[in-house]
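Structure, as structure tokens:
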């Protein structure tokens, strides 16, 4: 994304990110994030309207923290 994420936004207690911003935060493409949303494999999201989706930074962090692995076998178990 062209703009850097605002530090003020990240310091907020419950910031909400647009899908493109959340994808940048996770270092994945927006298409990957959309796929995860449709399959339920990604982080939780908030639907604010028919086509308005947002992500809470704390949910993105928790998603990443839940994927930390100490070995390939451990990582394989987390992705099943």
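Residue numbers (our numbering): 10 to 89. Note that the Cβ used here is the ideal one computed from N, Cα and C, for glycine as well.
| field | residue 24 to residue 30 span [Cα, whole Å] | value | 11 Å
| Which partner residues does residue 64 have in the DSSP bridge list? | 26
| field | Whole-angstrom distance between residue 63 and residue 32, CA atom to CA atom | value | 11 Å
| task | Alpha carbon to alpha carbon, how far is residue 28 from residue 42? Give it in angstroms, no decimals. | result | 7 Å
| message | Below 8 Å on the Cβ atoms is my contact criterion, and I expect residue 26 with residue 66 to pass it. Report the Cβ-Cβ distance as a whole number of Å. | response | 6 Å
| How is the alpha helix (DSSP H) around residue 46 delimited, first residue to last? | 39 to 48
| query | Would residue 78 pass as a contact of residue 84 if the rule is Cβ separation under 8 Å? | reply | yes
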